[in-house]
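Before any comments, here is the structure.
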Amino acid sequence: MGSKLGFLLSLFFVIGLMGLSGDLASIQAIQTSLDAAGITAARRIALVGGIDGEVRALVEEECGGSIVSLEEDPVRIGDIYRFAIEKEYQPFVLSQEPVLVRIERSAVIGYLD
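The opening residue of the sequence shown carries number 305 in this note's numbering; numbering runs sequentially from there.
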């Protein structure tokens, strides 16, 4: 009887641990998706010279996130342009509020490989 009760009580911890591992796996998948979109966006930003509507649409379509510029001054050819891509995630167990998953990348304006 005692072992059955102990087993039932341990299930609460196992279910919580499974929810936490699910949250962490989802956040990792979102981060990977944002990273892939960041590489593509950096290439386009280097060609265009900044964030335009096409880059925003590309990021929205590819990962469902939003892209923001971290630069204040206008950039010229050869400057490093920093930007961030971010997406909110509503976790199951990790937190009550949405978690902001964000990556920061940079591109050299005018760099062609």
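All residues carry an ideal CB built from backbone N, CA and C; glycine is no exception.
Predicted model only: the values in this text are computed from it and were never measured.
Discussion item. Does PHE374 pass the burial test, meaning 16 or more other C-beta atoms within 10 Å, or should it be called exposed?
Written reply: Residue 374 sits at position 70 when you count from the first residue of the sequence shown. Inspection of the sequence shows that residue 374 is occupied by Leu rather than by Phe. It counts as exposed.
Discussion item. Let me make sure I understand the geometry here. Which of VAL397, SER370, ALA346 and ASP356 has the alpha-carbon closest to that of PHE317?
Written reply: Residue 317 sits at position 13 when you count from the first residue of the sequence shown. Nearest to PHE317 by alpha-carbon distance, out of VAL397, SER370, ALA346 and ASP356, is VAL397.
Worksheet item: Looking at the unbroken alpha helix (DSSP H) that takes in ARG380, where does it start and where does it end?
Response: For the purposes of this step, residue 380 is identified with residue 76 of the sequence shown, where counting begins at 1. Per DSSP, ARG380 belongs to no alpha helix (DSSP H) and is neither H nor E.
Fill in: Of the listed residues GLU364, ALA346 and LEU324, nearest to LYS391 (C-alpha basis)
Within the sequence shown, residue 391 is the residue found at index 87, counting from 1. Nearest C-alpha to LYS391: GLU364.
Worksheet item: Between which two residues does the alpha helix (DSSP H) containing VAL363 stretch?
Response: Counted from its first residue, the sequence shown places residue 363 at position 59. Per DSSP, VAL363 is one residue of the alpha helix (DSSP H) stretching across 357–367.
Worksheet item: PHE396 by DSSP, collapsed to three states: which one?
Response: For the purposes of this step, residue 396 is taken as residue 92 along the sequence shown, with counting starting at 1. Looking at PHE396 - three-state DSSP - the assignment turns out to be coil, as it is neither helix nor strand.
Item to complete: Kindly indicate which residue of ILE343, ALA333, GLY382 and GLN332 has the alpha-carbon position closest to the one of ALA388.
Response: Within the sequence shown, the letter at position 84 stands for residue 388. The option with the nearest alpha carbon to ALA388 is ILE343.
Discussion item. Going by DSSP in three states, ILE407 sits in which element: helix, strand or coil?
Written reply: Translated into positions along the sequence shown, residue 407 becomes position 103. The answer is strand: DSSP assigns ILE407 an E or B state.
Worksheet entry | Identified DSSP bridge partners for LYS391 | The count along the sequence shown starts at 1 and reaches residue 391 at position 87. BP columns for LYS391 point to VAL405.
Worksheet entry | Local Cβ density within 10 Å of ARG386, reported as buried at 16 or more and exposed below that | Taking the first residue of the sequence shown as position 1, residue 386 is located at position 82. Result: exposed.
Practice prompt. Verify whether the separation of the beta carbon atoms of VAL355 and VAL403 is less than 8 Å.
Written response: Position 51 of the sequence shown, counting from 1, holds the residue named residue 355. Position 99 of the sequence shown, counting from 1, holds the residue named residue 403. It should be noted that the sequence gives Ile, not Val, for residue 355. With a cutoff of 8 Å on beta-carbon distance, ILE355 and VAL403 are scored as not near each other.
Worksheet item: Terminal residues of the continuous beta strand (DSSP E) containing ILE371?
Response: Your numbering for residue 371 matches position 67 in the sequence shown. Taken as a continuous stretch (DSSP letters only), the beta strand (DSSP E) holding ILE371 covers 370–373.
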